[in-house]
């Protein structure tokens, strides 16, 4: 009984009504409408990441089809001959074979990747011995591995449809059914080990480089404003400070006006090119493993490819086309993510502001009534 009384007293002090208590007299306040799905920060990361991946992969699908066919082939065909062969197999639509699987794969994997990057970054930031750059790099690598492990069967199907399924012209569900019936469920996870090994450095560089550049740019902008405010009344300025401010001004002008690209698109393009350049041999090995043309051990596979095919025509085969594809793809991905995340945040803030105004209006209407009663 004492515990029950204490609980009721605590509820009363917190402004809560006991569930068995009688309802309050008078009209009940209106129930606020449910908040949109993007209210939580996690949902905003997931939605923005999914939209960014779908938009980016659909735009650059033809380049990706050509790139994948060059990577998995072991003959000496060049870009133009490969494009001609793909067109001969199915016309212009052949350059979008596997795009349905790619979009279905991209939506969950991109959503998971962006969300887990923010999650890992928040957790790793609590480790005082890690510098900010290491936090960004590790968070990107862990996010890439998490998304790859979660969506690997779709990744396998997409690669096989883009390289082997173009001649068959089958749909996604039918191709999965044929693959499982022919090679078993294990075929969906073929190449998982080299894929996890390869995506770790790739997304570590891609997300880490983007996050580092974003932080550097924010520091440049903030320091420029702070310096201008602090030196507004000072007549004397050192030459070093003048050169530093001039450098910041050129950086900002180049990023904001150069080529019509926003900072997000510029940093995304640079991050994607750096990641592709440094980890392309891993990408080549894992793609070949998915279609059964490579060993499970990526180091062994790279050594064999280097001995048999060389560096430029082996480990870096298709690298030029890959770079052409990765640059716009990464730029569009990060730009679409930032725009979608900002739009969702604005919707949430506007909804919360209007809800606060309604609650304030209710309080203001109730106050005169209470005063008149007193």
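Residue numbers (this note's numbering): -1 to 372.
By construction, the Cβ of each residue, glycine as well, lies at the ideal position given by its N, Cα and C atoms.
Rounded Cβ spacing between residue i and residue j (contact assumed at less than 8 Å)
i           : j           : result
residue 196 : residue 296 : 7 Å
residue 263 : residue 207 : Not quite, the Cβ-Cβ distance comes to about 14 Å (not below 8 Å), so this is no contact.
residue 322 : residue 313 : In fact, because the Cβ distance is near 18 Å, the residues do not count as touching under 8 Å.
residue 47  : residue 112 : 3 Å
residue 55  : residue 100 : 5 Å
residue 269 : residue 333 : Their Cβ separation, rounded to whole angstroms, is 12 Å, which puts residue 269 and residue 333 out of contact at 8 Å.
residue 330 : residue 102 : That pair is no contact at about 19 Å.
residue 286 : residue 70  : 6 Å
residue 98  : residue 170 : 5 Å
residue 352 : residue 58  : Not confirmed; about 39 Å, so no contact.
residue 194 : residue 146 : 6 Å
Simplified DSSP state of residue i, which is helix, strand or coil
i           : result
residue 24  : Bear in mind that the predicted position of residue 24 carries a pLDDT of just 47, short of 50, making it unreliable; the figure below should be weighed with that in mind. In this structure, residue 24 counts as coil in the three-state DSSP scheme.
residue 314 : coil
residue 182 : coil
residue 285 : helix
residue 382 : Lying outside -1 to 372, the shown extent of the chain, residue 382 is not represented and no answer is given.
residue 95  : coil
residue 279 : helix
residue 328 : helix
residue 355 : helix
residue 151 : helix
residue 128 : coil
residue 188 : coil
residue 65  : helix
residue 260 : coil
residue 71  : coil
residue 169 : coil
Top-ranked residue by Cα proximity to residue i, from the options
i           : options               : result
residue 88  : 208, 122 and 60       : 60
residue 149 : 132, 127, 190 and 119 : 190
residue 186 : 198, 159 and 203      : 159
residue 316 : 46, 65 and 54         : 65
residue 121 : 109, 134 and 110      : 134
residue 105 : 71, 153 and 123       : 153
residue 81  : 71, 93 and 70         : 93
residue 114 : 350, 339, 144 and 71  : 144
residue 151 : 188, 220 and 360      : 188
residue 202 : 277, 212, 171 and 90  : 277
residue 310 : 54, 55, 39 and 68     : 68
residue 325 : 283, 204, 215 and 359 : 204
residue 38  : 172, 342 and 95       : 342
residue 299 : 181, 360, 220 and 192 : 192
residue 136 : 198, 308, 76 and 127  : 198
residue 45  : 337, 363, 307 and 355 : 337
Start-to-end residues for the alpha helix (DSSP H) that takes in residue i
i           : result
residue 302 : 296 to 307
residue 123 : Taken as a continuous stretch (DSSP letters only), residue 123 belongs to no alpha helix (DSSP H), as it is neither H nor E.
residue 78  : 77 to 88
residue 42  : 39 to 57
Heavy atom of the ligand GTP within 7 Å of residue i beta-carbon
i           : result
residue 311 : This structure does not include the ligand GTP; it has no bound ligands of any sort.
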